[in-house]
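In the working numbering, the protein residues as written are 1479 to 1926.
Just so it is clear, CB atoms sit at the ideal spot from N, CA and C, and this is done for glycine as well.
Scroll down for the structure; my scribbles are underneath it.
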């Protein structure tokens, strides 16, 4: 993408940063930024390292890194150093540029604004926060796609930056973009591994992974171990037939044949023999490749006690409230979460814990569900970062419908004061990835 700066209020053409000392210092900076991917543990540390490197190259009293989410059309100010402003709120939509950073992101070109032009932009309400005397913004671009921007400004000296500084920022922007993208990929993989591990270990249903060709069990979660009454040494490396899982010896070949034909199936009824007893189960299985070898991942739900619940709870199963009255009407929890695996895990766990559930894959759908069913919804489990409508705006909508709504906020981070203010109205906060028992205990505490 063309890196030619947008010409605004300039009196001379850009001078190249071609001095020998500049070239040497830029090369050192490029090396530092490139190496930072390997020496930092996460994006937060990488952003700090990028700032430290640039600050050595050119003193930056005011600096920020903004990242653009193309899917959600939002700008997140992931890192900032500022003399006056201590909060850079998320920009919820970039359908039309309404700020300086948005102009850089949408144009995909550097922007250099001096004092008189900044005054004009202030009159157009396109400056968020304290108005600077000089401002520079450079896009971060990967293979023609703008992923963010680095911006610098000064509040008192209109001559603090020159076109030479802009040229230096342009010269390091590609390496910064590459470093951030690599760190994002590494962080995303780590997050995915944690999420998958959490789902595997905390899922209320049994999970079994077997080799398709031999039937050997490659992995199983604790719930399966408990259901089978066997330890890992007695399960892993054995076949399902060797541990005597199938009550009918013809069940396993039929199970494999169905999978080979369809690739997957859901809620197939089966009679299993585990822990010296017959178990009625629903099995959902799917074929997947692990290191190029076909495996089967199966979710096994024990439905042996289903008839008891269908016939209604007995007196012993009915809980009593503090005043002695019988409480047998389950609470309803609305789960608003855009990550499918996390949402499914939460819904399954809540049902096992005895709650009714409604669920939505984004804030807009969640707000609509709450509006329709708010009289019967007892609590909401709400993610913060979501498409279509952010968690912050969704929370506002829920409060408009019911100011007393019980909301549990679940997120990996609360990034700005705008979020912090509205989430003070929440009943509880769960940091992702949260444990299933944490969710259970949190709900129990808010329903006391």
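- Short of 6 Å from the beta carbon of residue 1808, and not among the five residues preceding or following it, lie these beta carbons of its own chain, in chain order: 1832, 1833, 1834.
- The DSSP-derived three-state label of residue 1578 is helix.
- Per the Cβ contact rule, the segment 1578 to 1586 is not in contact with the segment 1875 to 1888 (fewer than 3 Cβ pairs under 8 Å).
- Annotation for residue 1828: 1811, 1835 place their beta carbon closer than 6 Å to its own, counting only its chain and skipping 5 residues before and after.
- Between the segment 1603 to 1623 and the segment 1900 to 1915, the count of Cβ pairs shorter than 8 Å is below three; the stretches do not touch.
- Remark: fewer than three beta-carbon pairs, one from each stretch, lie closer than 8 Å, so the segment 1843 to 1854 and the segment 1531 to 1545 are not flagged as touching.
- The residues 1582, 1586, 1624, 1627, in chain order, have a CB closer than 6 Å to that of residue 1617 in the same chain once the five nearest residues on each side in sequence are set aside.
- Closest option to residue 1685, judged by alpha-carbon separation, among 1818, 1670, 1861, 1775: 1775.
- In the displayed model, residue 1649 falls within a helix according to three-state DSSP.
- With contact defined as three or more Cβ pairs closer than 8 Å, the segment 1767 to 1782 and the segment 1665 to 1685 are in contact.
- Beta-carbon to beta-carbon, residue 1844 and residue 1872 are separated by about 6 Å, close enough to satisfy the 8 Å threshold.
- Cβ-Cβ distances below 6 Å link residue 1698 to 1686, 1713 in the same chain, with the five nearest sequence neighbours on each side left out; the list follows chain order.
- Between residue 1644 and residue 1588 the beta-carbon gap is near 6 Å, inside 8 Å, which marks them as a contact.
- The C-beta distance from residue 1760 to residue 1705 rounds to 13 Å, too long to fall under 8 Å, and the pair is not in contact.
- At a Cβ-Cβ threshold of 7 Å, residue 1865 and residue 1549 count as neighbours.
- Contact between residue 1659 and residue 1619 does not hold, since their C-beta atoms are separated by about 10 Å, which reaches or exceeds 8 Å.
- Where residue 1776 is concerned, the enclosing beta strand (DSSP E) starts and stops at 1771 to 1780.
- A residue is called buried when at least 16 other Cβ atoms come within 10 angstroms of its Cβ; residue 1509 does not meet this threshold and is exposed.
- Residue 1847 is not a Cβ neighbour of residue 1886, given a cutoff of 7 Å.
- Under the DSSP assignment, residue 1909 falls in the beta strand (DSSP E) whose first and last residues are 1906 to 1909.
- When the Cα atoms are used, residue 1863 and residue 1633 turn out to be separated by approximately 32 Å.
- For a cut-off of 8 Å, the C-beta gap from residue 1571 to residue 1602 is around 17 Å, too long to register as a contact.
- Taken in chain order, the complete beta strand (DSSP E) segments of 3 residues or longer contained in the segment 1542 to 1577 are 1552 to 1559.
- If you ignore the 5 residues before and after residue 1741, its C-beta comes within less than 8 Å of the C-beta of 1764, 1765, all in its own chain and listed in chain order.
- For residue 1500, the three-state secondary structure derived from DSSP is helix.
- Here residue 1519 is exposed, its C-beta having fewer than 16 other C-beta atoms within 10 Å.
- Residues 1693, 1727, 1730 of the same chain have their beta carbon placed closer than 8 Å to that of residue 1719, with the five preceding and five following residues left out of the count.
- Unbroken beta strand (DSSP E) stretches of 3 residues or longer found wholly inside the segment 1621 to 1650: 1623 to 1632, given in chain order.
- If you look at residue 1746, you'll find it in the beta strand (DSSP E) that goes 1742 to 1752.
- Between residue 1819 and the set 1680, 1711, 1545, 1703, the nearest pair of CA atoms involves 1680.
- Under a 10 Å Cβ-count criterion, residue 1919 is classified as exposed, with fewer than 16 other Cβ atoms of the shown protein chains found around its own Cβ.
- For the options 1884, 1816, 1739, the alpha carbon positioned closest to that of residue 1925 is the one of 1884.
- Residue 1872 carries a helical assignment under DSSP once its states are collapsed to helix, strand and coil.
- Counting along the chain, residue 1689 sits inside no alpha helix (DSSP H); it lies in the beta strand (DSSP E) bounded by residues 1684 to 1689.
- Here residue 1622 is exposed, its C-beta having fewer than 16 other C-beta atoms within 10 Å.
- Burial is judged here by how many other beta carbons sit within 10 angstroms of a residue's own beta carbon; residue 1755 has fewer than 16 and is exposed.
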